[in-house]
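**Q** First the structure, then my questions, so here it is.
Residue numbers (the UniProt record's numbering): 1 to 36.
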C-alpha cells in the first residue's frame with residue numbers, strides 16, 4: 001500500500017505541474033507532463 005500511496009502522490013505532483021504549464025501557455029510541455 002505504501003508504494004501505491006507514493007505513486008499517487010507523484011501523479012498529483014505531475015498533474016499540478018501540468019496545470020501550471022497549461023496556465024502559462026506552454027501547451028506542449030503540459031501535454032507531455034500529463035502523458036508520461
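Note that the Cβ used here is the ideal one computed from N, Cα and C, for glycine as well. Computed from a predicted model, the values in this text were never measured in an experiment.
State yes or no: is the C-beta of residue 21 within less than 7 Å of the C-beta of residue 11?
**A** No, the pair does not count as a contact, with Cβ atoms beyond the cut-off.
**Q** Have a look at residue 37 and residue 35 and give me their C-alpha separation to the nearest angstrom.
**A** It is not possible to answer for residue 37, since the shown part of the chain is limited to 1 through 36.
**Q** What's the gap between the Cα of residue 7 and the Cα of residue 31?
**A** In a straight line, the C-alpha of residue 7 is about 19 Å away from that of residue 31.
**Q** So the alpha helix (DSSP H) residue 11 belongs to, where does it begin and stop?
**A** 2 to 23 is the extent of the alpha helix (DSSP H) around residue 11.
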